[in-house]
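Residue numbering for the sequence shown follows full-length UniProt numbering, starting at 1 and increasing by one per position. For every residue, glycine included, the Cβ atom is placed at its ideal position computed from N, Cα and C.
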Amino acid sequence: DLIMPNEFLRKQPNKQFAFPKHVQNKSFTISKKLMRVCLESKITSINAYEIFNVLYSLTQELIELQKSKSFVGLRSFADFSFCRRLEKQAENRLDLVNALFSEHNQFVRQKLVAQSFEQSGLGLAAVSRIEEGTCVLRISKDVMLDVSTGSSPEFGQFPALSNTCSVSGSFIANDPIASTMENVALSLRLLTELVIWSKSVYYNYIRSLPVSYQTFLDMNPDDLKHLRGSTVLGSPLFPFDLTGFLLETLVCNFLFICRQYAYFFDRFQDKSDLQFAKSFCFEDYR
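Listed below in structure tokens is the structure:
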């Protein structure tokens with residue numbers, strides 16, 4: 001049976017969730033290759049597709065490698081990726097959203113219900129007509145998952161972030177990327193909350209989120225091939241090659257994420273106090 005994160009942490013609260021040595025070593029080797037490709041690549045509309053193929057191949061190798069199972073108990077196996085754990089949860093997402101809604105009903109000013117919409121997924125629907133300009137939700141910032149707001153008690157042990165995000169000696173404060181890019185710092189914080197899992201004050205919120213989004217990070221070489229060959233985007237109505245521009249932009253952004261992952265994977269080798277540092281999955285970070 002697959003062991004869920006809350007079960008794993010309850011049984012071994014002080015133990016890091018780590019890759020086996022062979023997975024760690026192979027991940028380190030691939031991440032080094034990934035960084036080298038990122039640093040040596042100068043993307044243009046002409047070579048973007050070829051560079052993407054190389055990056056995609058290396059990241060897929062990481063994803064497959066990190067799907068390995070690790071024996072963590074007498075008869076239980078654990079998957080490394082938190083994304084895949086979220087996908088395997090048995091609860092219906094609508095029920096999770098309703099539970100979250102009930103938990104924070106003090107912030108709800110009008111009668112609302114959670115509902116699944118055919119075109120846009122889960123959301124909130126008004127029970128009765130709400131006049132324009134009426135306050136519907138008023139949410140206190142200190143309950144939001146952010147890099148500078150309230151954190152779980154366990155999170156205080158994580159040196160990367162604090163309530164001010166500027167503690168002397170902290171990982172975030174001293175890291176040139178995480179200290180200047182809030183989205184990166186927030187990603188690292190979310191990974192920490194996922195490790196804490198059921199002990200996190202954001203447990204219900206995290207479980208209610210969509211487990212996947214359709215973004216450029218989900219594209220494969222065939223998707224880019226269709227984009228490259230698009231006649232719609234190559235319309236003469238545009239004064240420049242929009243297809244080439246979009247292709248170059250997509251691959252540049254994918255490269256940035258790959259470079260960040262490779263960079264942090266290397267940095268985390270010395271940061272044994274970060275709970276996710278020894279099981280840092282590319283699939284989770286992207």
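Q: Count the other C-beta atoms from every protein chain shown that fall within 10 angstroms of the C-beta of residue 269, then say buried if there are 16 or more, exposed otherwise.
A: The residue in question, residue 269, is exposed, as its Cβ has fewer than 16 Cβ neighbours within 10 Å.
Q: Please name the residue or residues paired with residue 115 in a DSSP beta bridge.
A: According to DSSP, residue 115 bridges with 123.
(Q) As an exercise, report each continuous alpha helix (DSSP H) stretch of at least 4 residues that is fully enclosed by the region 16-71, in chain order. (A) For the region 16-71, whole alpha helix (DSSP H) runs of length 4 or above, ordered along the chain, are 21-40, 48-65.
(Q) Just verifying my parser: in three-state terms, what is the DSSP assignment at residue 293? (A) With the chain running from 1 to 286 in the structure shown, residue 293 is simply not present.
Q. Can you pull the DSSP bridge partners for residue 108?
A. Per the DSSP secondary-structure output, residue 108 pairs in a beta bridge with 137.
Q. Based on Cα-Cα distance, which residue from 120, 177, 136 lies nearest to residue 267?
A. Comparing Cα positions, the closest option is 177.
Q) Can the beta-carbon of residue 282 be found less than 8 Å from the beta-carbon of residue 62? A) The answer is yes: Cβ separation under 8 Å.
(Q) Rounded to whole angstroms, what is the Cα-Cα separation between residue 77 and residue 258? (A) Because the pLDDT at residue 77 is just 43, under 50, the model does not fix this residue reliably, and the value given afterwards should be weighed accordingly. C-alpha separation (whole angstroms): 28 Å.
Q) Can you list, in chain order, the residues of its chain whose CB lies under 8 Å from that of residue 121, leaving out five sequence neighbours each side? A) In chain order, 210 place their CB closer than 8 Å to the CB of residue 121, counting only its own chain and leaving out the 5 sequence neighbours on each side.
**Q.** Closest residue to residue 65 among 43, 20, 255 (Cα-Cα distance)
**A.** The candidate whose alpha carbon is nearest that of residue 65 is 20.
Q) When the Cα of residue 183 is compared with those of 194, 27, 260, which residue comes out closest? A) Looking at the Cα atoms, 260 is the closest of the given residues.
Q. Nearest to residue 140 by CA position, among 132, 107, 221, 125, is which residue?
A. Nearest of 132, 107, 221, 125 to residue 140, Cα basis: 107.
Q) Is it true that the region 44-64 meets the region 90-103, where meeting means three or more beta-carbon pairs spaced less than 8 Å apart? A) Not touching, per the Cβ criterion.
**Q.** C-alpha gap between residue 81 and residue 264, whole angstroms
**A.** Approximately 16 Å, taken between the alpha carbons.
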